[in-house]
Ligand code: AMP
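In the numbering used here, the protein residues as written are 58 to 475.
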């Protein structure tokens, strides 16, 4: 497989898929430029080699229609400033042949939002999924998607995908386009390489004991992740809102705590599978409960199997945290996804902060490899200032979850040829 380090971009035009889907305020000002900064190593390497850059991205969900609110023209200045090059802008990403052809080494062209075309996602525009004509329209759109990808490919000599956040999507710019470049002229960018390596470190090359900490609100959104991990981990810590479904399924009284009744059989299956596979499944033993879902709720610590009516479990108790600390500190590989309490409320954030500390400590003191991913756990390590104390913080929530479910990511497969 070609890699970005091996490739010499001198005299070449590179089309690079990045994730510039940055949050903007009501005046179109960027409020968090993390994603732009994330793509800089790749973009700078190409320019430093003497290549020309054609940058493409999506922004928001314009659903196949032009919408000024989602125009990438809003990031031109920020990208120019960070690259130290005046970025040119192509206001129609499908009609940028001339601008691309005119690019000289060291120059940069940013294409307008790819999702102004339904072809990018390959979804029919303006037809409801229930409409009988939808399937035919979808088939037609798949053909158009190939044409769209071919047009984008025609702008450049080589293709780089550095948009991990959309790696789980088979879109024109993330996967289909790769068909129009031979194996020596397509590669992952640095950010993608880092993300893919981080996931391989836990899924393929984990040192043991391997501990997964899965929290968050719903069993339903993480069930596939949990099932895949049961074949890999030594310890599985399940905390946060999703834990209560496991407690109720075992006959516990959970008061008003969050739970999903229809997933109780699945929870019992997970418990049985963990036993069969020799995985140490660690659930909460007690919880800090509140008498309403609010920061100023009254609090009491209660037995997890006996939560009084009118109270709901909202944070991990000291006893649960002590159990989890012992497990985490002995681990050599740690994967953390999802908070163990309602950490957005200051009064119920203690448990999640402690987990962040244990993961950081196991990494720094014991040399464990730790991967933190999924929107809320990333927010948690940032909130507690520990992002640089863990081994890797994944930027792509959905893509990371799908990878941990054991699914092949189309954006990666398209380049690796899997
Ligand atoms: P997820 O997106 O599934 O990772 O869930 C993250 C959300 O789970 C956060 O907004 C937390 O506030 C929420 N959460 C964690 N623990 C609890 C709990 N015990 N009760 C209700 N919500 C929770």
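Virtual Cβ for every residue (Gly too), placed ideally from N, Cα, C.
Predicted model, so just to flag it, every value in this text is computed and none were measured.
- At least one heavy atom of the ligand AMP is found less than 6 Å from the C-beta of residue 274.
- CA-to-CA, the gap between residue 232 and residue 339 works out to about 39 Å.
- For the segment 112 to 178, the full-length beta strand (DSSP E) segments reaching 3 residues or more read 145 to 147, 165 to 168 along the chain.
- Taking residue 463 as the centre and dropping the five residues before and after it, the same chain places the C-beta of 285 closer than 7 Å to its C-beta, in chain order.
- The beta carbon of residue 257 sits no closer than 6 Å to any heavy atom of the ligand AMP.
- Nearest to residue 67 by C-alpha distance, out of 105, 77, 223, 58, is 105.
- If you draw a straight line from the Cα of residue 396 to the Cα of residue 208, it comes to about 43 Å.
- The beta-bridge partner set that DSSP reports for residue 338 consists of 293.
- Residue 226 counts as buried, since at least 16 other C-beta atoms from the protein chains shown sit within 10 angstroms of its C-beta.
- In the DSSP assignment, residue 400 falls outside any alpha helix (DSSP H), carrying neither H nor E.
- Here residue 307 is exposed: its Cβ has fewer than 16 other Cβ atoms, across all protein chains shown, within 10 Å.
- In this structure, residue 241 lies near residue 59, with their beta-carbon atoms less than 7 Å apart.
- Its chain contains 143, 144 as the residues whose beta carbon lies nearer than 7 Å to that of residue 137, once the 5 sequence neighbours on both sides are disregarded; these appear in chain order.
- The beta carbon of residue 459 lies closer than 8 Å to those of 225, 466 in the same chain, with the five residues before and after it left out.
- Relative to the non-hydrogen atoms of the ligand AMP, the Cβ of residue 318 never comes closer than 6 Å to any of them.
- Residue environment: residue 259 is assigned as buried (16 or more neighbouring CB atoms within 10 Å of its CB, all protein chains considered).
- Residue 427 is bridged by DSSP to 391.
- Across the structure, residue 393 and residue 269 are spaced so that their CA atoms are roughly 6 Å apart.
- If you check the CB distance, residue 150 and residue 169 come in under 7 Å.
- In terms of Cα proximity to residue 367, the closest of 382, 311, 121 is 311.
- According to DSSP, residue pairing for residue 84 in a beta bridge does not occur.
- Three or more pairs of CB atoms, one per stretch, sit closer than 8 Å, so the segment 402 to 414 contacts the segment 334 to 351.
- Residue environment: residue 188 is assigned as exposed (fewer than 16 neighbouring CB atoms within 10 Å of its CB, all protein chains considered).
- DSSP, reduced to helix, strand and coil, places residue 243 within a strand of the structure shown.
- Taking C-beta separations shorter than 6 Å and ignoring five residues to either side along the sequence, residue 161 has no partners in its chain.
- With at least 16 other beta carbons inside 10 angstroms of its own, residue 202 counts as buried.
- Judged by beta-carbon spacing, residue 214 lies beyond the 7 Å limit of residue 101, meaning their Cβ atoms are not closer than that value.
- Within 6 Å of the C-beta of residue 453 there is not a single heavy atom belonging to the ligand AMP.
- With 16 or more other CB atoms across the displayed protein chains lying within 10 angstroms of its CB, residue 119 is buried.
- Around the beta carbon of residue 153, a 10 Å sphere encloses 16 or more other beta carbons of the protein chains shown; the residue is thus reported as buried.
- Beyond the five residues adjoining it in sequence on each side, residue 99 comes within less than 8 Å, by CB distance, of 61, 73, 75, 217, 219, 246, 247, 248 in the same chain, given in chain order.
- Residue environment: residue 92 is assigned as buried (16 or more neighbouring CB atoms within 10 Å of its CB, all protein chains considered).
- The C-alpha of residue 360 lies about 20 Å from the C-alpha of residue 271.
- Each of 178, 296, 195 was checked against the Cα of residue 185, and the nearest Cα belongs to 195.
- Our two residues, residue 123 and residue 130, have alpha carbons roughly 13 Å apart in a direct line.
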